[in-house]
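Participant: Could you have a look at this structure, given as structure tokens, before my questions?
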Amino acid sequence: MSAATTAVDWKAREDAFVLPTYAKFPFVLERGEGCRVWDDAGNEYLDLYGGHAVAALGHSPEEVARALAAQARKLLFYSNLVYTRARAEAAQALVEFCGEPGSQVFFCNSGAEANENAMRIARSTTGRAKVVAAEGGFHGRTAAALAATGAKYRKGLSGLGADVVHVPFGDLAAAEAALKDAAAFLLEPIQSVQGATTASSEYLKGLETLCRESGALLIFDEVQTGLGRVGARSARHAFGARPHLQTFAKALASGVPAGAVLAVPEVSKKVKPGELGSTFGGGPLACAAVKATLDAISARKLWENAAAMETLIRGTFAFPQIVEIRGKGLLLGLVLAADSKPVRAALLEKRILVGGADDPNVIRLLPPLIVGPAEVTALRSALAEIFGRDARP
Ligand SMILES: Cc1ncc(COP(=O)(O)O)c(C=O)c1O
Numbered sequence: 240m241s242a243a244t245t246a247v248d249w250k251a252r253e254d255a256f257v258l259p260t261y262a263k264f265p266f267v268l269e270r271g272e273g274c275r276v277w278d279d280a281g282n283e284y285l286d287l288y289g290g291h292a293v294a295a296l297g298h299s300p301e302e303v304a305r306a307l308a309a310q311a312r313k314l315l316f317y318s319n320l321v322y323t324r325a326r327a328e329a330a331q332a333l334v335e336f337c338g339e340p341g342s343q344v345f346f347c348n349s350g351a352e353a354n355e356n357a358m359r360i361a362r363s364t365t366g367r368a369k370v371v372a373a374e375g376g377f378h379g380r381t382a383a384a385l386a387a388t389g390a391k392y393r394k395g396l397s398g399l400g401a402d403v404v405h406v407p408f409g410d411l412a413a414a415e416a417a418l419k420d421a422a423a424f425l426l427e428p429i430q431s432v433q434g435a436t437t438a439s440s441e442y443l444k445g446l447e448t449l450c451r452e453s454g455a456l457l458i459f460d461e462v463q464t465g466l467g468r469v470g471a472r473s474a475r476h477a478f479g480a481r482p483h484l485q486t487f488a489k490a491l492a493s494g495v496p497a498g499a500v501l502a503v504p505e506v507s508k509k510v511k512p513g514e515l516g517s518t519f520g521g522g523p524l525a526c527a528a529v530k531a532t533l534d535a536i537s538a539r540k541l542w543e544n545a546a547a548m549e550t551l552i553r554g555t556f557a558f559p560q561i562v563e564i565r566g567k568g569l570l571l572g573l574v575l576a577a578d579s580k581p582v583r584a585a586l587l588e589k590r591i592l593v594g595g596a597d598d599p600n601v602i603r604l605l606p607p608l609i610v611g612p613a614e615v616t617a618l619r620s621a622l623a624e625i626f627g628r629d630a631r632p
């Protein structure tokens with residue numbers, strides 16, 4: 240029998256056995272390299288979605304694959320009951336990448352877990368219960384993280400936790416009133432899922448002051464904004480505001496599940512043994528990937544490329560159909576005058592992957608941080624053709 244007649248329909252098989260919780264691109268992905276991925280029919284796609292901001296170094300980066308293979312052969316796993324070189328190196332790399340001296344790390348497995356643990360640290364170190372969150376944020380699907388997430392994702396769910404209150408994003412007066420007796424203010428400096436809605440430096444610095452005055456901790460959810468994506472090492476650096484806690488996941492281990500909370504010294508010294516825990520968090524395999532990823536982002540100063548590509552995009556995407564470009568670095572929202580869905584579908588026909596957002600008019604760009612002028616120009620040309628074709632007199 241030929242390969243064609245024995246081909247398995249993996250899409251149908253996945254649909255048969257996996258709960259239907261996601262809207263998916265309509266192909267079976269087989270492999271990836273750099274900014275490109277290939278489906279099982281051999282079609283090549285330009286990936287400007289980056290596997291949802293995970294593939295900062297591009298797909299299957301060699302340095303991470305090598306570190307994983309070496310670690311897997313040496314020690315695949317042991318729990319947090321032992322010290323490991325991999326964990327020590329990964330934590331040091333994260334502190335040196337974006338913390339201040341004396342900061343310390345708690346490792347977990349995902350963005351939601353990182354936010355859960357950050358809120359837990361805030362509650363236990365302040366002795367207060369209430370967490371204030373900005374409306375429209377996305378912090379994950381576990382109970383406490385979801386309680387802090389925007390209303391759309393909490394619809395129909397009760398019992399998520401009564402101790403979270405939401406205030407409008409960007410409203411310092413509302414933050415000040417809500418912060419009385421609060422343990423923390425949690426927000427994404429750039430609300431990515433919402434549509435790359437971007438805070439001002441003044442707002443974030445104002446929150447820093449309000450938190451200091453009220454005794455609450457400021458938590459930046461840097462699951463998307465961290466690790467070079469916003470044209471600086473993290474949003475903390477990009478906006479010049481100092482949070483007490485930063486949470487990371489997504490690109491942290493190039494796709495191996497990993498999350499982390501980074502705590503400044505005055506908070507980390509208050510965390511007590513036994514307060515937090517995770518079987519897999521800080522495991523050797525994930526930590527080997529964390530170290531290799533951070534080393535590669537640092538060595539290539541990829542935040543500088545992210546800033547340069549933002550400048551290129553802002554300078555060359557002057558289409559009348561794009562009414563605004565939101566975001567920073569390579570976390571960008573192209574805001575169209577109308578629903579972006581048809582344009583995203585037309586890009587997919589041209590084998591270019593981009594993201595949508597809660598704001599239906601937004602096309603979200605979250606490409607690998609190694610993306611260059613050739614890929615930006617390819618997107619620009621595709622949009623020119625699509626807009627030209629669809630342009631109304
Ligand atoms: C800003 C932000 N925080 C948290 C999360 C949750 O991360 P995870 O899906 O790894 O739990 C996401 C996921 O998209 C996110 O974008």
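Reminder that position 109 of the sequence shown reads as 348 in our numbering, one-by-one numbering, no gaps.
Glycine residues also receive a C-beta, built at the ideal position from the N, C-alpha and C atoms.
Using 7 Å as the cut-off, classify the Cβ of Asp278 as near or not near the heavy atoms of ligand 1, replying yes or no.
Facilitator: Residue mapping note: residue 278 aligns to position 39 of the sequence shown, counting from 1. Checking every heavy atom of ligand 1 against the Cβ of Asp278, none is found closer than 7 Å.
Participant: Three-state secondary structure (DSSP) at Ala242?
Facilitator: Here residue 242 corresponds to residue number 3 of the sequence shown, with the count starting at 1. Note that Ala242 scores a pLDDT of 47, beneath 50, so its modelled location is shaky; the value from the coordinates is reported in the next line. Helix at Ala242.
Participant: Assign Thr260 to one of three DSSP states: helix, strand, or coil.
Facilitator: Your numbering for residue 260 matches position 21 in the sequence shown. If DSSP states are grouped into helix, strand and coil, Thr260 belongs with coil.
Participant: Per DSSP, which one or two residues make a beta bridge with Gly271?
Facilitator: For the purposes of this step, residue 271 is taken as residue 32 along the sequence shown, with counting starting at 1. Gly271 pairs with Val276.
Participant: Between which two residues does the alpha helix (DSSP H) holding Tyr442 run?
Facilitator: Position 203 of the sequence shown, counting from 1, holds the residue named residue 442. Start and end: Ser440 to Ser453.
Participant: Nearest by alpha-carbon distance to Val626: which of Ala528, Leu287, Val344 and Leu586 is it?
Facilitator: Here the question's residue 626 lines up with position 387 in the sequence shown. In the sequence under discussion, the amino acid at residue 626 is Phe, which differs from the Val named in the question. Of the listed residues, the one whose Cα sits closest to Phe626 is Leu586.
Participant: In terms of alpha-carbon separation, which member of Ala416, Ala255, Glu269 and Ser342 lies closest to Lys509?
Facilitator: Working through the sequence shown from its first residue, we reach residue 509 at position 270. Among Ala416, Ala255, Glu269 and Ser342, the Cα nearest to that of Lys509 belongs to Ser342.
Participant: Beta carbon of Gln463: closer than 7 Å to some heavy atom of ligand 3?
Facilitator: Absent from the structure shown: ligand 3. Ligands present: ligand 1.
Participant: List the whole-angstrom C-beta distance separating Gly375 from Phe408, where the pair is believed to meet the contact cut-off of C-beta under 8 Å.
Facilitator: The sequence position of residue 375 within the sequence shown is 136, counting from 1. The sequence position of residue 408 within the sequence shown is 169, counting from 1. With 8 Å as the limit, Gly375 and Phe408 qualify as a contact, their Cβ atoms being about 5 Å apart.
Participant: Check whether the Cβ of Gly494 lies closer than 7 Å to any heavy atom of ligand 1, and answer yes or no.
Facilitator: Locating residue 494 in the sequence shown gives position 255, counting from the first residue. Every heavy atom of ligand 1 is 7 Å or more from the Cβ of Gly494, so no.
Participant: Is it buried or exposed for Ala623, if we count other Cβ within 10 angstroms and need 16 for buried?
Facilitator: Taking the first residue of the sequence shown as 1, we reach residue 623 at position 384. Ala623 is exposed by the Cβ-count criterion.
Participant: Measure the CB-CB distance between Ala435 and Leu618 and report whether it falls below 8 Å.
Facilitator: The residue given as residue 435 occupies position 196 in the sequence shown. The residue given as residue 618 occupies position 379 in the sequence shown. Cβ atoms of Ala435 and Leu618: not closer than 8 Å.
Participant: Measure the alpha-carbon distance for Ala386 versus Ala357 and round it to whole angstroms.
Facilitator: On the sequence shown, position 147 is the one that residue 386 refers to. On the sequence shown, position 118 is the one that residue 357 refers to. Distance between the alpha carbons of Ala386 and Ala357: 14 Å.
Participant: Nearest-angstrom Cα distance between Leu551 and Ala613?
Facilitator: Start at 1 with the first residue of the sequence shown, and residue 551 comes out as number 312. Start at 1 with the first residue of the sequence shown, and residue 613 comes out as number 374. C-alpha separation (whole angstroms): 11 Å.
Participant: Return yes when the Cβ of Pro607 is within less than 8 Å of the Cβ of Ala294, no when it is not.
Facilitator: Position 55 of the sequence shown, counted from the first residue, corresponds to residue 294. Position 368 of the sequence shown, counted from the first residue, corresponds to residue 607. Closer than 8 Å, so yes.
Participant: Tell me the DSSP bridge mates of Leu425?
Facilitator: As a working mapping, residue 425 is identified with position 186 in the sequence shown. Per DSSP, Ala372 and Ile458.
Participant: Does the contact criterion of 3 or more C-beta pairs under 8 Å hold for the stretch 453 to 470 versus the stretch 412 to 431?
Facilitator: Verdict: yes, contact present.
Participant: Between which residues of its own chain and Arg380 is the CB-CB distance below 6 Å, once the five residues before and five after are set aside?
Facilitator: Along the sequence shown, one-based indexing puts residue 380 at 141. Answer for Arg380: Ala351, listed in chain order.
Participant: What residue range is occupied by the uninterrupted beta strand (DSSP E) comprising Gln433?
Facilitator: Position 194 of the sequence shown, counted from the start, is the residue given in the question as residue 433. From DSSP, Gln433 is part of no beta strand (DSSP E) but of the alpha helix (DSSP H) over Ser431 to Gly434.
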